[in-house]
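Please read the structure below before turning to the comments.
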Amino acid sequence: MENTDISVYGAYIRDHSAEYTEKVLFGIIARMFIMFFGIWGNFNLIYAVYRNPGLRSCSGILLAITAIANTFHQSSHLFYTYLVFAKVNLVTVRTCVFVNTLPNIGFHVGLLMVFFLAVDRLICVLFPVTRRRMTETTFIAIYMLITSIITVFFVSFAYYELFRLGPGQLVFCLVTDGLPGRAGRSWFFVCLIGSSLALVCYVIIWVLLKMSKRKQKDSGTAKMFKSLFSICVVICTCWMAIGTLFVCVALIDIPTMDAWFIRYNLGVAINFACSCNYYILFYCRTNVRRKGHKRIILANF
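So for the sequence shown, full-length UniProt numbering puts the first residue at 1; every next one is plus one.
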């Protein structure tokens, strides 16, 4: 998002405020619908890990952290929805970055957890003895340390870009607008690369499991493979599709606002990917209800 785009946004809202509301209405409804179903699913996933000690493996805890992060990420839609229906529409870059700091932290952590879930499963297959010698806490600490460093970097980068572009400029305030300028573009490429590498990890795991003749069906990784692989495929497919369309939009000379509306509507796919973890796990596992509880929760991975 550069200054030329920002000036176009202001002019568009000045001349086409009612038209803007009509064009973003479907995206708002879709985002809110997906958000509430995603939060419900994420709550059940977190609750399952909290209540069931058997789920507190490295993968279970990483999935719970992912659920928490995705919930914070999607909370950004509430502010954007308020801006549209209150007819505010535009806020300063300063306000947008500040409001979206926590949602963007969730955005960063959620994507990185998906990557480290794949890495952890690959380590279990390639180095099973070494993996068992080290505690679950050690691996979780390593993954969280790397995640924290990357997250702090991008949050700092966003604030740097905020002052580089000018904190008083007016912007639409989606969660991605909280990563102005080069911060947003850099994070976009990290998402593409991270989700693609996660998928590569699962493909390698699949090949190794097919080649293995010893306790393949009984291994923890084999039991979890279908559900985790499915989650990764959904996320990677969404990012690759969006990445391809973004490149096409960049190569085609179309008006700035038309390009923004395309990106806005494509963002629904990412929200879907952030909301589907619990439902994929629910579908892929057969024993998904705990006796004596009315809430649907995961009984095992």
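In this text, a Cβ means the ideal position worked out from N, Cα and C, and glycines have one as well.
Nearest C-alpha to SER186 among LEU170, PHE157 and LEU208: PHE157. The beta carbons of ILE280 and ILE242 sit no closer together than 8 Å. Per the Cβ contact rule, the stretch 103 to 111 is in contact with the stretch 146 to 154 (3 or more Cβ pairs under 8 Å). Approximately 6 Å separates the beta-carbon atoms of LEU45 and LEU63; this is inside 8 Å, confirming the contact.
Residue environment: HIS73 is assigned as buried (16 or more neighbouring CB atoms within 10 Å of its CB, all protein chains considered). Listed as beta-bridge partners of LEU170 by DSSP are THR92. CYS124 is not a Cβ neighbour of ARG133, given a cutoff of 8 Å. When the beta-carbon positions are compared, ILE262 and VAL247 stay at least 8 Å from each other. Distance between LEU25 and VAL234, taken at the CA atoms: about 25 Å.
Here the alpha carbons of MET257 and LEU251 stand approximately 15 Å from one another.
By the 16-neighbour rule on beta-carbons within 10 angstroms, GLU161 is buried. When only Cα atoms are considered, VAL200 and LEU122 end up about 10 Å apart.
At a cut-off of 4 residues, the continuous stretches assigned as alpha helix (DSSP H) that sit fully inside the stretch 17 to 76 are 58 to 74.
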